[in-house]
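Peer 1: In our numbering, the protein residues as written are 3 to 547. Where is the CB? At the ideal position from N, CA and C, for every residue including glycine.
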Amino acid sequence: TIQEELGGNINELEIKELREKASRKKWPAEVAQVFEKELRKLERLHPQSPDYSVQTQYVQNIVNLPWNEYSKDNFNLSHAQKVLDRDHYGLEKVKERIIEHLAVLKLKGDMKSPIICLYGPPGVGKTSLGRSIAEALRRKYVRVSLGGLHDEAEIRGHRRTYIGAMCGRIIQNIQKAGTSNPVFILDEIDKITNDFKGDPASALLEVLDPEQNNAFHDNYLDIDYDLSKVMFIATANNLNTISQPLLDRMELIEVSGYIMEEKVEIAAKHLVPKQMDVHGLKKGSVKFPKKTLQVIVEAYTRESGVRELDKKIAKIMRKLARKVASDEPIPTGIKPEDLYEYLGAVEYSRDKYQGNDYAGVVTGLAWTAVGGEILFVESSLSKGKGSKLTLTGNLGDVMKESARTGISYIRSVGEKYKIPEDFFKKHDIHIHIPEGAVPKDGPSAGITMATAMISAITNTKVRADVAMTGEITLRGRVLPIGGLKEKLLAAKSAGVKTVLVPEKNMRDVEEISSEITRGLEIIPVSYMDEVLKTALIYEENENEN
Numbered sequence: 003t004i005q006e007e008l009g010g011n012i013n014e015l016e017i018k019e020l021r022e023k024a025s026r027k028k029w030p031a032e033v034a035q036v037f038e039k040e041l042r043k044l045e046r047l048h049p050q051s052p053d054y055s056v057q058t059q060y061v062q063n064i065v066n067l068p069w070n071e072y073s074k075d076n077f078n079l080s081h082a083q084k085v086l087d088r089d090h091y092g093l094e095k096v097k098e099r100i101i102e103h104l105a106v107l108k109l110k111g112d113m114k115s116p117i118i119c120l121y122g123p124p125g126v127g128k129t130s131l132g133r134s135i136a137e138a139l140r141r142k143y144v145r146v147s148l149g150g151l152h153d154e155a156e157i158r159g160h161r162r163t164y165i166g167a168m169c170g171r172i173i174q175n176i177q178k179a180g181t182s183n184p185v186f187i188l189d190e191i192d193k194i195t196n197d198f199k200g201d202p203a204s205a206l207l208e209v210l211d212p213e214q215n216n217a218f219h220d221n222y223l224d225i226d227y228d229l230s231k232v233m234f235i236a237t238a239n240n241l242n243t244i245s246q247p248l249l250d251r252m253e254l255i256e257v258s259g260y261i262m263e264e265k266v267e268i269a270a271k272h273l274v275p276k277q278m279d280v281h282g283l284k285k286g287s288v289k290f291p292k293k294t295l296q297v298i299v300e301a302y303t304r305e306s307g308v309r310e311l312d313k314k315i316a317k318i319m320r321k322l323a324r325k326v327a328s329d330e331p332i333p334t335g336i337k338p339e340d341l342y343e344y345l346g347a348v349e350y351s352r353d354k355y356q357g358n359d360y361a362g363v364v365t366g367l368a369w370t371a372v373g374g375e376i377l378f379v380e381s382s383l384s385k386g387k388g389s390k391l392t393l394t395g396n397l398g399d400v401m402k403e404s405a406r407t408g409i410s411y412i413r414s415v416g417e418k419y420k421i422p423e424d425f426f427k428k429h430d431i432h433i434h435i436p437e438g439a440v441p442k443d444g445p446s447a448g449i450t451m452a453t454a455m456i457s458a459i460t461n462t463k464v465r466a467d468v469a470m471t472g473e474i475t476l477r478g479r480v481l482p483i484g485g486l487k488e489k490l491l492a493a494k495s496a497g498v499k500t501v502l503v504p505e506k507n508m509r510d511v512e513e514i515s516s517e518i519t520r521g522l523e524i525i526p527v528s529y530m531d532e533v534l535k536t537a538l539i540y541e542e543n544e545n546e547n
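The following block contains the structure:
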């Protein structure tokens, strides 16, 4: 009666509704206890009181979370393989890892989900892989973009005492998913920044640690929530910007760039049909022969993924759509020679092997974010006061150090290669790597620069069709390098026949598919002597003498 006099029975209906919802929940006893306590507090509040809406929101947040509610996983491995193969061409290692995870889940029935981090260049399908995994598992799919996130409260939530407080993104998305075991994509984990509002990357440590995340503490909720059944998949372009403790908690899977054949297949199977649909063209009304797609990839794009390729295909479709809309006839197939009409002049031309007619020019292999490239390392001698080494071509510090290491090695073995003792006092050496505007760095051109210098000093030409990659030490040892797959691809497409590779990289060669290595003679080298013996044409010179 007192409540009625005060006009307080308006909220009775709402509280009854909340109680009914709560009775259907499978939550732990301590959560039920907290809920009951908070609901009683809500009952005592007057609807006109400023605290009423805050308390209502909190109670609703608790009741809307899927406590102990899980979607049933689909453990049909062949179905999962089909879904992954349908949506993504290539990426065998990634698919294999996902199928293995499913197999373990199937046998054990209950397992702490691993935290996978897919890293690789933009446009290779890291985010869309997450969607396919969710479909293969028949789990709900949620995605959070972490790019530019700089407030810790975005992850952990605000305390309830603040005005406008709310849960963090993790709890919000679990609520949205409606189950406690969704596939949760943490997109662009390498783009998190930190400022005076705390460090979100450190807040993620709790979320991504299978030992801790069974009791994740959200500041707003103030009750531990179990995240151990959630399958977290992080994506990143660059691992260098991710903090070490965070990296340590994730299993890294590299999603490397696609080779030419893969890009052509992806364009034929996925991109062309998709863009036809988007631009309102009838399915199969225009054919794109593989030769045409190959020219688009080679001459109009320079990337590891297929995003740029997608844009170029869309550009052609727009021009075709305009013709259809204007009742003009459209071609049944796009030939390579028609591309000038649709895409304009050729944008990129790949470096082709030009032959080594001069002593002092050596072909090196480089890794870039958009795939492999071949580099021509040129060196020349000039009379001067001596021991001056000039380096040009926008080289980074590591590359400059490699050149200095190379020259020191050559001086130490000068006698062996019949270099006069006073040679370095009378000559200056200049090393140049063309395309001066493009920044270049890394140790992997060490043996290339050393070979170029010896070739110029001894006036010995380099064998035709040879390219090389490897780091050099002062003792002339050849150390392993990274990005071998991309480098071998670059060598193959440039028409190089023989590649010198560090001995320790041969284990990587075994993992690279035979499609890439076919037609290439790959020679392992451990010391600089072996490099020079293979690369320089000595025998002919000695015979002539």
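1) Please classify Ser55: is it buried, with 16 or more other beta-carbons within 10 angstroms of its beta-carbon, or exposed?
2) Should Lys314 go down as buried or exposed, given a rule of 16 or more other Cβ atoms within 10 Å for buried?
3) Classify Asp531 as buried or exposed, calling it buried when 16 or more other Cβ atoms lie within 10 Å of its own Cβ.
4) For the segment 159 to 198, which segments carrying the alpha helix (DSSP H) assignment without a break, of at least 4 residues, lie completely within its bounds, in sequence order?
5) From Gly307 to Ile261, what does the alpha carbon distance come to, in whole angstroms?
6) Is the Cβ-Cβ distance between Ile433 and Thr392 less than 9 Å?
7) Could you tell me which of Val33, Glu513, Gly366, Ser384 sits nearest to Ala493, measuring between CA atoms?
8) In this structure, how does DSSP classify Thr294 when only helix, strand and coil are distinguished?
9) Per DSSP, which residues does Asp430 bridge with? Please list them.
10) Measuring only the C-alpha atoms, how far is Val299 from Glu349?
11) Within 10 angstroms of the Cβ of Gln277, are there 16 or more other Cβ atoms? Answer buried if so, exposed if not.
12) On the CB-based measure, 16 or more other CB atoms within 10 Å of its CB, does Tyr72 come out buried or exposed?
13) Cα-Cα, which of Ile255, Tyr529, Tyr419, His281 is closest to Ala325?
14) Can you tell me which residues form a DSSP beta bridge with Leu377?
15) Label Glu546 either buried or exposed according to how many other C-beta atoms from any shown protein chain fall within 10 Å of its C-beta, with 16 as the threshold for buried.
16) Considering only the alpha carbon of each residue, which of Glu38, Val33, Asp312 lies closest to Ile17?
17) Over what stretch of residues does the alpha helix (DSSP H) that includes Glu488 continue unbroken?
18) Who does Phe218 pair with in a DSSP beta bridge?
19) Looking at the structure shown, is Ile17 part of a helix, part of a strand, or coil, going by DSSP?
20) What residue range is occupied by the uninterrupted alpha helix (DSSP H) comprising Arg46?
21) Go ahead and pull the three-state DSSP assignment for Arg320.
22) Would DSSP call Met262 helix, strand or coil?
23) DSSP on Tyr350, reduced to helix/strand/coil?
24) DSSP three-state call for Lys271: helix, strand or coil?
25) Would you mind reading off the limits of the beta strand (DSSP E) that contains Tyr121?
26) Using DSSP with H/G/I as helix, E/B as strand and the rest coil, what is Arg140?
27) For Glu544, which residues from the same chain have a beta carbon less than 7 Å from its beta carbon, with the 5 sequence-adjacent residues on both sides left out?
28) Using the beta-carbon count (16 or more within 10 Å), is Thr243 buried or exposed?
Peer 2: Taking the structure as given:
1) As a first step, residue 55 is located in the sequence shown; it is residue number 53 there, counting from the start. Burial state of Ser55 is exposed, judged by a 10 Å Cβ sphere holding fewer than 16 other Cβ atoms.
2) To locate residue 314, count along the sequence shown from 1; it is residue 312. Counting other Cβ atoms within 10 Å of its Cβ, Lys314 reaches 16 or more and is therefore classed as buried.
3) Along the sequence shown, one-based indexing puts residue 531 at 529. By the neighbour-count rule (16 or more Cβ atoms within 10 Å), Asp531 is not buried but exposed.
4) Complete alpha helix (DSSP H) runs here, min 4: 171 to 179.
5) Taking the first residue of the sequence shown as 1, we reach residue 307 at position 305. Taking the first residue of the sequence shown as 1, we reach residue 261 at position 259. So the alpha carbons of these two residues sit roughly 9 Å apart.
6) Against the sequence shown, residue 433 aligns to sequence position 431. Against the sequence shown, residue 392 aligns to sequence position 390. Contact check for Ile433 against Thr392 passes: the beta carbons are separated by less than 9 Å.
7) One-based indexing of the sequence shown puts residue 493 at position 491. Per the Cα distances, Gly366.
8) If you number the sequence shown from 1, residue 294 lands on position 292. Note: Thr294 maps to helix in three-state DSSP.
9) Here residue 430 refers to the residue found at position 428 when the sequence shown is read from its first residue. DSSP, once it has assigned bridges, lists Ser384 as partnering Asp430.
10) The residue given as residue 299 occupies position 297 in the sequence shown. The residue given as residue 349 occupies position 347 in the sequence shown. So the two alpha carbons sit approximately 11 Å from each other.
11) Residue numbering aside, residue 277 sits at position 275 when the sequence shown is read from its first letter. Buried, because 16 or more other Cβ atoms sit within 10 Å of the Cβ of Gln277.
12) As a first step, residue 72 is located in the sequence shown; it is residue number 70 there, counting from the start. Taking a 10 Å sphere around the C-beta of Tyr72, we find fewer than 16 other C-beta atoms and assign the residue as exposed.
13) Here residue 325 corresponds to residue number 323 of the sequence shown, with the count starting at 1. Residue identity check: residue 325 is Lys in the sequence provided, not Ala. Of the listed residues, the one whose Cα sits closest to Lys325 is His281.
14) Translated into positions along the sequence shown, residue 377 becomes position 375. Answer is Gly366.
15) As a first step, residue 546 is located in the sequence shown; it is residue number 544 there, counting from the start. Low confidence applies to Glu546: its pLDDT is 38, below 50, so where it sits in the model is not reliable, and the reading given next is rough at best. Classification of Glu546: exposed, given that the 10 Å Cβ count is below 16.
16) For the purposes of this step, residue 17 is identified with residue 15 of the sequence shown, where counting begins at 1. Residue Glu38 holds the alpha-carbon nearest to the alpha-carbon of Ile17 among Glu38, Val33, Asp312.
17) Translated into positions along the sequence shown, residue 488 becomes position 486. Taken as a continuous stretch (DSSP letters only), the alpha helix (DSSP H) holding Glu488 covers 486 to 495.
18) Numbered from 1 along the sequence shown, position 216 holds the residue referred to as residue 218. The partner list for Phe218 (beta bridge, DSSP) reads Tyr227.
19) Position 15 of the sequence shown, counted from the first residue, corresponds to residue 17. DSSP places Ile17 in helix when its eight states are reduced to three.
20) What you label residue 46 is simply residue 44 of the sequence shown in a count that begins at 1. From DSSP, the alpha helix (DSSP H) with Arg46 extends over 31 to 46.
21) Numbered from 1 along the sequence shown, position 318 holds the residue referred to as residue 320. Correct three-state label for Arg320: helix.
22) For the purposes of this step, residue 262 is taken as the residue at position 260 of the sequence shown. In the structure shown, Met262 sits in a helix (DSSP, three-state: H, G or I).
23) Position 348 of the sequence shown, counted from the first residue, corresponds to residue 350. Here Tyr350 sits in coil by DSSP.
24) Numbered from its first residue, the sequence shown carries residue 271 at position 269. Note: Lys271 maps to helix in three-state DSSP.
25) On the sequence shown, residue 121 is found 119 positions in, with the first residue counted as 1. Element bounds for Tyr121: 118 to 121.
26) What you label residue 140 is simply residue 138 of the sequence shown in a count that begins at 1. For Arg140, the three-state secondary structure derived from DSSP is coil.
27) For the purposes of this step, residue 544 is taken as residue 542 along the sequence shown, with counting starting at 1. Because Glu544 carries a pLDDT of 43, less than 50, the predicted location of this residue cannot be relied on, and the following value inherits that uncertainty. Correct list: empty, nothing qualifies.
28) Residue 243 sits at position 241 when you count from the first residue of the sequence shown. Flag for Thr243 reads exposed.
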